[in-house]
Every structure is written in C-alpha cells, then in structure tokens.
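Numbering (this note's numbering), first residue to last: 1112 to 1371.
Glycine included, every Cβ here is placed at the ideal spot set by N, Cα and C.
Take a look at the structure set out below.
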C-alpha cells in the first residue's frame, strides 16, 4: 500500500511534456492567440505530418485579421508564378514570393483579398469569397472594399490588359472570359506584367497608373477548427515510475502466491 502511495505522489509531482500543434494558417494563429500581430509565422496547412511546414506573412489587423499572404509581385521583380501552388522567393510583405496555399484557397471557397500599391500608397484593397481557381468576381456587390473602387466590370475589363486580358480591354476573346481570373497561368504568369513586360496600367480612375506591388491574401471561412490546447504527454520519468510500480506489483503478487 505504501509503495502505491509513493508512486502516486511521483506521478503528481513530476512535470509533463506538452506537444503544441503547428497552426494551419494566419487565421488559426489568431484564433489561438488574439494578441498575435502582423509578421512572419510558421504554418503547416495539412496539420502535423504529411507536407513540411513553411513560413508565411500574416496580416492580423485588416478586417479582423487572420490573412495569410499567398503572393507578392513587385514591378521590377515579378513573382515566379501567379498561382499559389509552390513556395518560392523570400517571405516578407515587401518581398516577391509565392506560398503553397492549395489546401486553403484552391480546393475550397475562401476569402480572397487583392491589395494594389502605387508609389507607396494602397490604391485598392478589398476581398470577395470564392476559389482562387474559380470565377473571379467582378460584381461590386460581392466585394468588401476598404480602399479604391470597382469600376464597371472591373474584374473583366477596366483595369487594363494585365488585370484580366490578353488583348486590349473591352475586346472579344478576353482572357478572363476564356480562362477565368486574370491571375491564372493561362492568362499571365506573373504580376504585375503587361504584354510589354513592364507594369500594369489601368483604366478608369486607374488610368496611366503603374502598379508597384500586387499582393494577394487569403482567409479561410470561420468554420476552421482552432488547434486544440496542448495535450499533456507523460514524461519519461512518469513512464519509469509506472514501470517501477508495475514491476514491484508483480513481484508482490508472486511472493503472496508462494506464501499461500
């Protein structure tokens, strides 16, 4: 009886080892830490195991925060791709790069945010819900816009050929009509880019404006499950104590049998 009490005391006194799951996105980070700020974090979009984890830039302030930056393209340093299926470049808000956000933005609907910068100032910042490989929403009623405006059929025509088309704006055979959104590789392989390979020049209120930076963020739906709290796992000392107790428990039973 004394041996069992000693073992129980050891179990209660010894520390435990905790295992913290890697977050799957910026939103997951924010759900587990409401005080998380903008910056670079490590995520694992398929959870522990499987694909390797990687760094991302997270915007934790815009419209509630939780935005994972999937693509940055700069005028003099266009991104390697207009897609989000590979990790390329150096992560940073002002560094050209792409992130593999297939599990967050390609295989299901999510909030897709476009931010366009000119001369250091944001001239457009807004988002809609859809799939990154799906239909690009051109209806202003389907967007939440913080800065700038959607003019007419903005997504299909009026921000210039690099926004949506291969040919001139408002002409038949628009890339966006044939293949979907302008940012798919079927239309353009990098952003910003025009047929001349320089910068995006828009129409309407964006006429004669070159785009310095184009950023695309994603934020999955609010149904995403936050990682559970750290789950205690027994330390080696506890396992040893259990084995110790079991061993002497068996010895005592054997001795009792012999005496009987």
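Excluding the 5 residues preceding and the 5 following residue 1199 in the sequence, name in chain order all residues of the same chain whose CB lies nearer than 8 Å to its CB. In the chain shown, counting from the first residue as 1, residue 1199 sits at position 88. Correct list, in chain order: 1190, 1191, 1192, 1208, 1209.
Write down the C-beta distance between residue 1196 and residue 1184 rounded to the nearest angstrom, noting that I regard them as a contact closer than 8 Å. On the chain shown, residue 1196 is found 85 positions in, with the first residue counted as 1. On the chain shown, residue 1184 is found 73 positions in, with the first residue counted as 1. No, residue 1196 and residue 1184 are not in contact; Cβ-Cβ is about 15 Å, not under 8 Å.
Given residue 1153 as reference, the closest of 1133, 1331, 1241 once Cα atoms are compared: Looking up residue 1153 in the chain shown gives position 42. Looking at the Cα atoms, 1133 is the closest of the given residues.
Rounded distance between the beta-carbons of residue 1223 and residue 1241, thought under 8 Å: Position 130 of the chain shown, counted from the start, is the residue given in the question as residue 1241. Position 112 of the chain shown, counted from the start, is the residue given in the question as residue 1223. About 6 Å separates the two Cβ atoms, so the contact holds.
Looking only at its chain, what residues have a beta carbon closer than 7 Å to the beta carbon of residue 1202, apart from the 5 residues adjacent to it on each side? Position 91 of the chain shown, counted from the first residue, corresponds to residue 1202. Here the set comprises 1151, 1166, 1167, 1168, 1208.
Just mark residue 1160 as buried or exposed, buried being the case when its beta carbon has 16 or more other beta carbons within 10 Å. For this step, residue 1160 is matched to residue 49 along the chain shown. Here residue 1160 is exposed. Its C-beta has fewer than 16 other C-beta atoms within 10 Å.
Identify whether residue 1139 lies in helix, strand or coil by the three-state DSSP scheme. Your numbering for residue 1139 matches position 28 in the chain shown. The DSSP-derived three-state label of residue 1139 is helix.
Quick one: give me the first and last residue of the beta strand (DSSP E) that residue 1225 is part of. Sequence index remark: in the chain shown, residue 1225 carries index 114 (1-based). Following the DSSP letters along the chain, one finds residue 1225 inside the beta strand (DSSP E) bounded by residues 1221 to 1229.
Terminal residues of the continuous beta strand (DSSP E) containing residue 1233? As a first step, residue 1233 must be located in the chain shown, where it is residue number 122. Counting along the chain, residue 1233 sits inside the beta strand (DSSP E) bounded by residues 1232 to 1241.
Distance between residue 1173 and residue 1139 (C-alpha atoms, nearest Å): For the purposes of this step, residue 1139 is identified with residue 28 of the chain shown, where counting begins at 1. For the purposes of this step, residue 1173 is identified with residue 62 of the chain shown, where counting begins at 1. Rounded to whole angstroms, the gap between the alpha carbons of residue 1139 and residue 1173 is 15 Å.
State the start and end residues of the unbroken beta strand (DSSP E) segment that holds residue 1169. As a position in the chain shown, residue 1169 is number 58, starting the count at 1. Counting along the chain, the beta strand (DSSP E) containing residue 1169 begins and ends at 1165 to 1170.
I need the straight-line Cα distance from residue 1176 to residue 1146, nearest angstrom please. The residue given as residue 1176 occupies position 65 in the chain shown. The residue given as residue 1146 occupies position 35 in the chain shown. Their backbone Cα atoms lie some 11 Å apart in a straight line.
Roughly how many angstroms separate the alpha carbons of residue 1194 and residue 1238, rounded to a whole number? The sequence position of residue 1194 within the chain shown is 83, counting from 1. The sequence position of residue 1238 within the chain shown is 127, counting from 1. C-alpha of residue 1194 to C-alpha of residue 1238: approximately 17 Å in a straight line.
Per-residue DSSP class, three states only, for residue 1184: As a working mapping, residue 1184 is identified with position 73 in the chain shown. Here DSSP, grouped into helix, strand and coil, assigns residue 1184 to strand.
Rounded C-beta distance between residue 1164 and residue 1170? I'm assuming under 8 Å. Taking the chain shown and counting its residues from 1, the one referred to as residue 1164 is at position 53. Taking the chain shown and counting its residues from 1, the one referred to as residue 1170 is at position 59. No, residue 1164 and residue 1170 are not in contact; Cβ-Cβ is about 19 Å, not under 8 Å.
In terms of DSSP beta bridges, what is residue 1329 paired with? For this step, residue 1329 is matched to residue 218 along the chain shown. Paired residue(s): 1179, 1223.
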